[in-house]
Each structure stands twice: as C-alpha cells, then as structure tokens.
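Accompanying notes for the structure given below.
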Amino acid sequence: MLDTIDKKLINLLQNDSKQTTKQLSLQLNLSVTAVYERIKKLENNKVIENYVAIINKNKIEKSFMVFCHIKLIQHSREYVTTFEREILKLEEVSECFHVSGDYDYILKIYVKDMDKYRDFMVTKLTAIKYIGSTHSTFAIEQVKNTTAIYL
C-alpha cells in the first residue's frame, strides 16, 4: 500500500521525472537515501513502470491526431486476436483500447496530415482482416493532455 510520502513522490516524478534524488528529498523533507529507496521500491513493485520523453508532435510532423473507432465483423477469439496482433505493428497507432458500446476498439493515431491519414487507412489499417467498419474523428484542438494520474 502507498503511504502519503509515496503518493507525493509519485506526483513529483510525474511532473518531472528528471529531478535528482537531492531535489526530491528537499521537497519531501527526507534524506536522499530514503528517497532513493522509495523510488527503487516503487519501481520493483511496478508502481512506476517506465520513464519516457514526451515529444512535441508539431516538431516531428505528427500533429494530426485521429480517433478511429473500429467494429470487427464478428467478436470471435480469432478475429480479436488477429486484429490486436496486427494493430501492435502499426507505428501510427499510439493507443488502442478494446471498448464496450457501438464499436469494438478505439485507436489514437498520429500522422502528418489528412493525406497521410488516408494513406494509412488505405494501405495499412483496412488491410487488417476482420474489420467490418471504421469511423474517424479528427481532433480540432487539444484542450488537455496529460500522462499524470495524481494520487
């Protein structure tokens, strides 16, 4: 179970994971060793799974964001496993969720522009077997985007 200090530490790391243990220790009023040990414990227990760099999508020409809803022809084990295996291979897809409701999956896709999205749809996505239908929604403005889950 996480105590109050663990929660504060996690929130601090989510805001800036490049902080030194010295910087964190000053904010938490703990020794550097205590902070280091807490971080190691959180990593070993898989509370902290990874550290990543968050990229400015405009700088790498991948700022066109699309949410693509996918409906499979049938919801059988073979169709689901085939679709999921193939979707993992597509670098344009940053997130894929198996969902309830009118569609089976929601994909979050980043490409350069509408032409690149059309190319992606025609050459890659619709080449996957068992897709019955797709519905694309294009992001107009990003109002909020965070990876943090505050405790």
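Start counting at 1 in the sequence shown, then tack on 22, and there's your number in our numbering. No residue lacks a Cβ here, since even glycine has one placed at the ideal position from N, Cα and C.
Buried or exposed (CB count within 10 angstroms, at least 16 for buried), residue i
| i | result |
| --- | --- |
| K166 | exposed |
| I131 | buried |
| F105 | buried |
| F142 | buried |
| L31 | buried |
| R140 | exposed |
| V115 | buried |
Residues bridged to residue i (per DSSP)
| i | result |
| --- | --- |
| S53 | Note: S53 sits in no beta bridge, so no partner. |
| E117 | K130 |
| I153 | L94 |
| M87 | Y132 |
| S158 | C90 |
C-beta contact flag for residue i and residue j at 9 Å
| i | j | result |
| --- | --- | --- |
| F119 | L112 | no |
| K63 | E108 | no |
| L52 | L34 | no |
Same chain, Cβ closer than 6 Å to residue i, five either side skipped, listed in chain order
| i | result |
| --- | --- |
| E117 | K130 |
| T43 | V54, V57, Y58 |
| L110 | none |
Beta-carbon contacts of residue i that lie in its chain and below 7 Å, excluding the five residues immediately before and after
| i | result |
| --- | --- |
| K134 | E83, K84, F86 |
| F160 | V88 |
| K146 | L112 |
Close-in-space but distant-in-sequence residues of the same chain around residue i (CB under 8 Å, 5 per side omitted)
| i | result |
| --- | --- |
| A170 | N33, Q36, N37 |
Exercise for the section: Count the C-beta pairs between the segment 45-62 and the segment 123-130 that are closer than 8 Å, then say yes if the count reaches three, no if not. Expected result: no
Practice task
Flag this pair as touching only if the segment 141-157 and the segment 92-112 have three or more C-beta atom pairs under 8 Å; answer yes or no.
Solution key: yes
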